[in-house]
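Engineer: Starting off with a structure, shown below.
There are 2 protein chains.
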Amino acid sequence: MAKKITARSKDYSQWYLDVVREAQLASHSPVRGCMVIKPNGYELWENMQRGLDGMFKETGHRNAYFPLFIPKSFLSKEAQHVEGFAKECAVITHSRLVNTDDGVGVDPASKLEEELIVRPTSETIIWDTYRDWIQSYRDLPVLINQWANVVRWEMRTRLFLRTMEFLWQEGHTAHATEEDALEEAHRMLEVYRTFAEDYMAMPVETGVKTASERFAGAVETFCIEAMMQDGKALQAGTSHFLGQNFAKAFDVRFQDQDGKEKYVWATSWGVSTRLIGGLIMTHSDDNGLVLPPRLAPVQVVIVPIWRNDDEKSRVMEYGNSLLAPLRDAGIRVRFDDREQYKPGWKFAQHEVEGTPLRLAVGPRDVENDKVEIARRDTMEKELTDRQNIEKKVRELLDTIQSDLLSAARTRTREQTRTAETYDEFKQILDSEGGFIYAHWDGTAETEEQIKNDTKATIRCLPLKPEKNPGKCMVTGKDSPYPVLFARSY
Amino acid sequence: MAKKITARSKDYSQWYLDVVREAQLASHSPVRGCMVIKPNGYELWENMQRGLDGMFKETGHRNAYFPLFIPKSFLSKEAQHVEGFAKECAVITHSRLVNTDDGVGVDPASKLEEELIVRPTSETIIWDTYRDWIQSYRDLPVLINQWANVVRWEMRTRLFLRTMEFLWQEGHTAHATEEDALEEAHRMLEVYRTFAEDYMAMPVETGVKTASERFAGAVETFCIEAMMQDGKALQAGTSHFLGQNFAKAFDVRFQDQDGKEKYVWATSWGVSTRLIGGLIMTHSDDNGLVLPPRLAPVQVVIVPIWRNDDEKSRVMEYGNSLLAPLRDAGIRVRFDDREQYKPGWKFAQHEVEGTPLRLAVGPRDVENDKVEIARRDTMEKELTDRQNIEKKVRELLDTIQSDLLSAARTRTREQTRTAETYDEFKQILDSEGGFIYAHWDGTAETEEQIKNDTKATIRCLPLKPEKNPGKCMVTGKDSPYPVLFARSY
Ligand SMILES: [Zn+2]
Ligand SMILES: [Zn+2]
Chain L
170 MAKKITARSK DYSQWYLDVV REAQLASHSP VRGCMVIKPN GYELWENMQR
220 GLDGMFKETG HRNAYFPLFI PKSFLSKEAQ HVEGFAKECA VITHSRLVNT
270 DDGVGVDPAS KLEEELIVRP TSETIIWDTY RDWIQSYRDL PVLINQWANV
320 VRWEMRTRLF LRTMEFLWQE GHTAHATEED ALEEAHRMLE VYRTFAEDYM
370 AMPVETGVKT ASERFAGAVE TFCIEAMMQD GKALQAGTSH FLGQNFAKAF
420 DVRFQDQDGK EKYVWATSWG VSTRLIGGLI MTHSDDNGLV LPPRLAPVQV
470 VIVPIWRNDD EKSRVMEYGN SLLAPLRDAG IRVRFDDREQ YKPGWKFAQH
520 EVEGTPLRLA VGPRDVENDK VEIARRDTME KELTDRQNIE KKVRELLDTI
570 QSDLLSAART RTREQTRTAE TYDEFKQILD SEGGFIYAHW DGTAETEEQI
620 KNDTKATIRC LPLKPEKNPG KCMVTGKDSP YPVLFARSY
Chain R
170 MAKKITARSK DYSQWYLDVV REAQLASHSP VRGCMVIKPN GYELWENMQR
220 GLDGMFKETG HRNAYFPLFI PKSFLSKEAQ HVEGFAKECA VITHSRLVNT
270 DDGVGVDPAS KLEEELIVRP TSETIIWDTY RDWIQSYRDL PVLINQWANV
320 VRWEMRTRLF LRTMEFLWQE GHTAHATEED ALEEAHRMLE VYRTFAEDYM
370 AMPVETGVKT ASERFAGAVE TFCIEAMMQD GKALQAGTSH FLGQNFAKAF
420 DVRFQDQDGK EKYVWATSWG VSTRLIGGLI MTHSDDNGLV LPPRLAPVQV
470 VIVPIWRNDD EKSRVMEYGN SLLAPLRDAG IRVRFDDREQ YKPGWKFAQH
520 EVEGTPLRLA VGPRDVENDK VEIARRDTME KELTDRQNIE KKVRELLDTI
570 QSDLLSAART RTREQTRTAE TYDEFKQILD SEGGFIYAHW DGTAETEEQI
620 KNDTKATIRC LPLKPEKNPG KCMVTGKDSP YPVLFARSY
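Chains as they are written, first to last, in my numbering: chain L, 170 to 658; chain R, 170 to 658.
Next comes the structure, spelled out in structure tokens:
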């Protein structure tokens, strides 16, 4: 199998697509820009959802569901939002098809009075609803999350990383005070950071976006940024402090404890199936997918090896006997007893699919009460006792989880550099890439120039900047502290 | 609170809407026909999803995700399917908005070459994909489920029961033989029946649809039908045997073990947020929602009662001490310690929201080590010992679950009648309604006439008909067995 995967060193983009295909995560669909998420990919997403949803509920949020469609006029209610989102989107203009000679056609009589937009994000429809939900300070905070599909009309798409339709969660909260809303935006950023590191084993930088990279309609956009193996950054999640922008646009006011009527303060925050792209590019290798155990659909696969019927019955029974102790220990285990495939084929398949641990059992193992245990991340094998196999497996899964995070941390640290001059900056970008800390004069003009010159953008400004003044690498003007640049997905 | 709910005897439709509103399950949205599912309603759906998803996985299915959009031409590939679905649907014709003087307008230059339809159901896009997935008998069966939103352009909508956009699951399976596919269709019907009865405490009739009520593109449609309190039936789930119709339309063939190329056999099956409407109309009363414990978001609520600070501290501590044993027993419990609401208000609120059990604790209970426990379904109260409260609660929850099913079974049995003559049939319909077994001559013409005369339809034919011949109540022609009629939602 592995030979079907292009080496990263040869063509990183092709390697990525090869891994997605061979690990059976997703495929293109006949609808341009939309993907089919295959069971292996969807189970990853389900595990991500489970982890995130638990963290959302622990922080007091409840799930709800709002309409897929947004009246066109809603998008123009918030001035910045319309600029950012009322552009490339799916527009519904008719509501009926009729039979024609060669199939079906659109019935002109079914033209809608007002066009509907397939949601690119749900701030507008949700804040229109919050007007009914919120009257008094007693109704606040409103802490809602939605798991949904959204559509943005993208021309250049890449499986998981950028697709026309994608799956995501979008949190939308309403608060009585600016302080509460800001606290919430920071809290959810921290939830994302924790999830990325603890579940995905993907270290992230947290920070604030510049005005030009801010979400359309936000006062501040906070983000987590991860560094991929090829030296490009991936924006993995965002948390927005929306101020009172949407409350004012949709007239959402409340009577405060002091009896005064005030506009509500807002946040929104989201992560999407894009995380799967980040997961792939953080850990995988030239042999295929590598998965952190906490998210792996199958954590351990057992492969039986036998040559004749006598061996078969003993090996099958032995392999089967490993299932109960592993399952009882809460481990997601699969016994791959399919007879139409040979062990070598199975080894290759589970390798490319990224199963963290493989247990192989043959006739000699049955005799000696042993199991061969192989790690996907390091490819190391060892012979271990059958007794207490669940303890050994649990320990190894925990080790893999933390080793993957350590390895990604080390790599990211090595990919993080400082540039003193613009020449040095460009030279780093064109050789290794990665994160670059450099001084910037704080203007949108210089930011734009750097982007045009180098394709690098400011990924974020520090959340809590320490005084570390210098001179902008481009203009030489004063800069209070360095900011984080990278080329990105 | 209860006075805000219209009595069922006065206006059943208004009662339903009142319960949905007062239990905070859902509300209308500014997009005509689309609903907002509020947290109380969405948690019900999450619990339904969890139950169903577990049953799907136990029967070997895996989840996947297919595109929201379907190219217009796909809908015309299967002859019956186009008739049934290429009608009232959301048609996307453009992909860009532009700023105008008074907001945003559709950019005429962004007109799509081929229109896209928002999926009303996914057979076409999925079978187009299965062509790539299936080459050999080794690739079969394909057992896939999708959790998704779908859109059907409905004009007359009712919250949960019929909405333009709804949430559902759709299973799509592919098999090597007709027998395997039929077996799957029956298996999933049985999963639905089990779910309806064991989780929803909603008894159902299972059967086969007549040709005129069949899913567009199916060879046979099997269904579960439930009887609501007002004597109208609700189609609660369907499982379709699709034959080779979609395989032929999308050219999905496989090489069988005998070396021959054959078309694949198919099923599809689905249930939706409509189930929530069925749940409401099965158990609820004039005081609001009544929920079966297995699906209730909160199974037990604890309400503290106190008049002064001294009582407060003792009662709060006592109430709090009940949480751990209940949680440890796997019970979904909430301590409603909100101070801005009085106990009486809380009692009314949890009653209308259908929380199965309410525990009230006051100063005297603290003294006597007692808890007042109240059942929502029967409104019965009793004083119980604090010790082993989790055992008592668990028993009562189990009792409520089975009592609700028994009560619904008894009601449904009483609502099931036999009509010998067409006059008797009409008389039953206009008095009590309910299910009516009657003889029918097997023709679409008579079926249509009955529908036009009485608004009643054949809900289903028996799955395993026993010989019980008679004469059609309308035409007097021979009938091999009676079939099940009802007016329906
Ligand atoms: Zn491609
Ligand atoms: Zn209404």
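Don't be surprised by glycine CBs; every beta carbon is placed ideally from N, CA and C.
Can you list, in chain order, the residues of its chain with a C-beta nearer than 8 Å to that of residue 281 (chain R)? Leave out the 5 residues immediately preceding and following it.
Structural biologist: So the list reads 261, 262, 263 and 264, once near-sequence residues are dropped.
Engineer: Show which residues of chain L have a CB atom less than 9 Å away from the CB atom of residue 272 (chain R).
Structural biologist: What residue 272 (chain R) touches in chain L: 241, 242, 244, 245, 246, 251 and 255.
Engineer: Skipping 5 residues on each side, what residues in its chain have a beta carbon closer than 8 Å to that of residue 597 (chain L)?
Structural biologist: Excluding positions up to five away in sequence, the list reads 586, 588, 603 and 605.
Engineer: CB-CB under 6 Å to residue 384 (chain L), same chain, minus the five flanking residues each way: which ones, in chain order?
Structural biologist: Around residue 384 (chain L): 390 and 409.
Engineer: For residue 509 (chain L), would you say it is in contact with chain R, using Cβ-to-Cβ distances shorter than 8 Å as the test?
Structural biologist: Cβ-Cβ to chain R under 8 Å: yes for residue 509 (chain L).
Engineer: Locate the alpha helix (DSSP H) running through residue 224 (chain L), then write down its first and last residues.
Structural biologist: Looking at the DSSP string, the run of the alpha helix (DSSP H) that includes residue 224 (chain L) is 208-227.
Engineer: Is residue 613 (chain L) buried or exposed, if buried means 16 or more other CB atoms sit within 10 Å of its CB?
Structural biologist: Under this definition residue 613 (chain L) is an exposed residue.
Engineer: Could you check the C-alpha separation between residue 171 (chain L) and residue 457 (chain L) for me, to the nearest Å?
Structural biologist: Model confidence at residue 171 (chain L) stands at a pLDDT of 47, short of 50, so the residue's coordinates are unreliable; what they give is reported in the following sentence. Rounded to whole angstroms, residue 171 (chain L) to residue 457 (chain L) spans 7 Å at the Cα level.
Engineer: Counting Cβ pairs, one atom from each stretch, are 3 or more of them under 8 Å apart for the segment 451-467 of chain R and the segment 408-424 of chain R?
Structural biologist: Flag = no, the segment 451-467 of chain R and the segment 408-424 of chain R do not touch.
Engineer: Since I believe residue 393 (chain L) is in contact with residue 402 (chain L) (beta carbons under 8 Å), could you give me their beta-carbon distance rounded to a whole number of angstroms?
Structural biologist: Not confirmed; about 10 Å, so no contact.
Engineer: Should the segment 531-549 of chain R be regarded as contacting the segment 426-438 of chain R, the criterion being three or more beta carbon pairs within less than 8 Å?
Structural biologist: Contact fails: fewer than three Cβ-Cβ distances are below 8 Å.
Engineer: Quick one: what's residue 648 (chain R) bridged to in DSSP?
Structural biologist: Answer is R:639.
Engineer: In whole angstroms, give me the CA-to-CA distance for residue 297 (chain L) and residue 225 (chain L).
Structural biologist: If I take the Cα positions, the gap works out to 23 Å.
Engineer: Could you name the residues of the segment 414-439 of chain L whose beta carbon sits closer than 8 Å to any beta carbon of chain R, in the order they occur along the chain?
Structural biologist: Under the 8 Å Cβ criterion, the segment 414-439 of chain L contributes no residue.
Engineer: Since residue 435 (chain R) contacts residue 317 (chain R) with CB under 8 Å, what's their CB separation in whole angstroms?
Structural biologist: Not confirmed; about 18 Å, so no contact.
Engineer: Using a Cβ cut-off of 8 Å, which residues of the segment 290-310 of chain L contact any Cβ in chain R, in chain order?
Structural biologist: Taking 8 Å as the Cβ-Cβ cut-off against chain R, the residues of the segment 290-310 of chain L that qualify are 294, 297, 298, 301 and 307.
Engineer: Using a beta-carbon distance below 8 Å, is residue 231 (chain R) in contact with chain L?
Structural biologist: Yes, residue 231 (chain R) lies at the interface with chain L (some Cβ there is under 8 Å from its Cβ).
Engineer: Got a sec? Which residues, its chain only, sit under 7 Å from residue 551 (chain R) by beta carbon, not counting five neighbours each side?
Structural biologist: Cβ within range, chain order: 542.
Engineer: Mind pulling the alpha helix (DSSP H) runs of 4 or more residues that sit fully within the segment 224-299 of chain L?
Structural biologist: List check, alpha helix (DSSP H) in window: 248-254.
Engineer: Look at the Cβ atom of residue 339 (chain R), then the Cβ atom of residue 331 (chain R), and state whether they are nearer than 8 Å.
Structural biologist: Taking 8 Å as the Cβ cut-off, residue 339 (chain R) and residue 331 (chain R) do not qualify as a contacting pair.
Engineer: Taking CB distances under 8 Å as the criterion, tell me whether residue 261 (chain L) reaches chain R.
Structural biologist: So yes, residue 261 (chain L) belongs to the interface.
Engineer: Quick one: list the residues of chain R neighbouring residue 336 (chain L), beta-carbon separation under 8 Å, in chain order.
Structural biologist: Those within 8 Å of residue 336 (chain L) in chain R are 234.
Engineer: Just checking my contact of residue 353 (chain R) with residue 344 (chain R) at CB under 8 Å: how many whole Å lie between their CB atoms?
Structural biologist: Between residue 344 (chain R) and residue 353 (chain R) the Cβ distance is about 6 Å, and since that is below 8 Å, they are a contact.
Engineer: Mapping DSSP to helix, strand and coil, what is residue 176 (chain R)?
Structural biologist: Correct three-state label for residue 176 (chain R): coil.
Engineer: Specify the secondary structure class of residue 518 (chain L) as computed by DSSP and reduced to three states.
Structural biologist: The answer is helix: DSSP assigns residue 518 (chain L) an H, G or I state.
Engineer: Measuring CB to CB, does residue 372 (chain R) end up less than 8 Å from residue 460 (chain R)?
Structural biologist: It is not a contact, given that the beta carbons lie outside the stated cut-off.
Engineer: Looking at the structure shown, is residue 171 (chain R) part of a helix, part of a strand, or coil, going by DSSP?
Structural biologist: Low confidence applies here, because residue 171 (chain R) scores a pLDDT of 47, under 50, leaving its location unreliable and the question unanswered by this model.
Engineer: Express the C-alpha separation of residue 388 (chain L) and residue 378 (chain L) in angstroms, rounding to a whole number.
Structural biologist: For residue 378 (chain L) and residue 388 (chain L), the distance between alpha carbons rounds to 10 Å.
Engineer: Three-state secondary structure (DSSP) at residue 197 (chain L)?
Structural biologist: Three-state result, residue 197 (chain L): strand.
Engineer: Select from the segment 595-622 of chain R all residues with a C-beta closer than 9 Å to any C-beta belonging to chain L, and list them in chain order.
Structural biologist: Taking 9 Å as the Cβ-Cβ cut-off against chain L, none of the residues of the segment 595-622 of chain R qualify.
Engineer: Spatial neighbours of residue 238 (chain R) within its chain, please: CB distance less than 6 Å, with the 5 preceding and 5 following residues excluded, ordered by chain position.
Structural biologist: Cβ neighbours of residue 238 (chain R) beyond the five flanking positions: 285.
Engineer: Pick out whichever of R:230, R:627, R:269 and R:245 has its Cα sitting closest to the Cα of residue 314 (chain R).
Structural biologist: For the residues R:230, R:627, R:269 and R:245, the minimum Cα distance to residue 314 (chain R) belongs to R:230.
Engineer: Residues of chain R with CB closer than 8 Å to the CB of residue 207 (chain L), please, in chain order.
Structural biologist: By Cβ distance, chain R contributes 233.
Engineer: Return the chain-ordered list of same chain residues with a C-beta closer than 7 Å to the C-beta of residue 484 (chain R), the five sequence neighbours on each side being excluded.
Structural biologist: Answer for residue 484 (chain R): 473, 474, 475, 530, 531, 532 and 535, listed in chain order.
Engineer: For a test of the three-state rule: what should DSSP assign to residue 492 (chain R), helix, strand or coil?
Structural biologist: Residue 492 (chain R) falls in the helix class under three-state DSSP.
Engineer: Please state the DSSP three-state secondary structure of residue 528 (chain R).
Structural biologist: Strand at residue 528 (chain R).
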